[in-house]
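Asks: Numbering (this note's numbering), first residue to last: 39 to 202.
All C-beta atoms, glycine included, are put in the ideal place defined by N, C-alpha and C.
All values reported here derive from a predicted model rather than from experimental measurement.
Supplied in structure tokens, the structure appears directly below.
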């Protein structure tokens with residue numbers, strides 16, 4: 039994506055022009071990709087309720103961090119990128135399909151209006167964007183991917199018989 043900014047800087051910049059803000063965007067995107075994605079994947083595949091609850095807490099913490107970042111980067115505008123979709127909107131927005139999937143399949147809303155009101159509103163704006171809708175995988179695609187991951191899991195060890 040950064041290549042697009044370099045290729046045509048006057049068309050629709052995805053990253054801020056300020057080098058410090060650009061670096062902060064990259065750091066947040068990297069943090070989100072390297073923390074939240076693994077937590078989301080592990081949550082889907084977790085077999086132990088205790089671990090899934092721990093991951094819920096981590097994901098909720100991540101959503102609160104995202105709320106704080108949205109306030110900082112959006113500067114009161116509709117998107118992380120300001121008035122238009124930018125780099126962070128694309129990076130974080132790519133997870134919205136999974137977040138919606140979690141709400142349906144696991145009855146767990148990573149983003150909630152009472153906890154993360156600005157990010158919840160941002161998510162609605164992203165979902166109302168036709169281009170965004172056209173590139174986010176469907177619920178069925180997410181389910182197929184989850185089933186593929188589950189099929190690759192090693193079988194659970196057999197439990198010893200309990201005698202009465």
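1. What's the gap between the Cα of residue 54 and the Cα of residue 172?
2. Can you tell me which of the three DSSP states residue 70 falls into?
3. Mapping the DSSP letters down to three states, classify residue 114 as helix, strand or coil.
4. Looking only at its chain, what residues have a beta carbon closer than 8 Å to the beta carbon of residue 60, apart from the 5 residues adjacent to it on each side?
5. Quick one, which of 141, 83, 160, 115 has its alpha-carbon nearest residue 130's?
6. Return the Cβ separation of residue 94 and residue 146 in integer angstroms, given the expectation that the two are a contact with Cβ distance under 8 Å.
7. Could you say which of 78, 116, 115, 114 lies nearest to residue 101 if we only look at CA atoms?
8. With a threshold of 8 Å, are at least 3 pairs of Cβ atoms found where one atom belongs to the segment 63–74 and the other to the segment 136–143?
9. What are the start and end residues of the alpha helix (DSSP H) that includes residue 172?
10. Spatial neighbours of residue 132 within its chain, please: CB distance less than 8 Å, with the 5 preceding and 5 following residues excluded, ordered by chain position.
11. Of the choices 91, 119, 73, 141, whose alpha-carbon is the least far from that of residue 56?
12. Below 9 Å between beta carbons: does that hold for residue 82 and residue 144?
Replies: According to the structure data:
1. Their Cα atoms are separated by approximately 25 Å.
2. It is helical.
3. Reduced to three states, the DSSP call for residue 114 is coil.
4. Within the same chain, Cβ atoms closer than 8 Å to the Cβ of residue 60 are found at 53, 54, the five residues on either side in sequence being excluded.
5. Closest by alpha carbon: 160.
6. With a contact defined as Cβ atoms closer than 8 Å, residue 94 and residue 146 qualify at about 6 Å.
7. Nearest option by C-alpha distance: 78.
8. By the Cβ test, the segment 63–74 is not in contact with the segment 136–143, since fewer than three Cβ pairs between them sit closer than 8 Å.
9. Boundaries of the alpha helix (DSSP H) harbouring residue 172: 168–173, taken from the DSSP string.
10. Cβ neighbours of residue 132 within its own chain (closer than 8 Å, five residues either side excluded): 174.
11. Cα-wise, what sits closest to residue 56 is 119.
12. Their beta carbons are under 9 Å apart, which means residue 82 touches residue 144 by this criterion.
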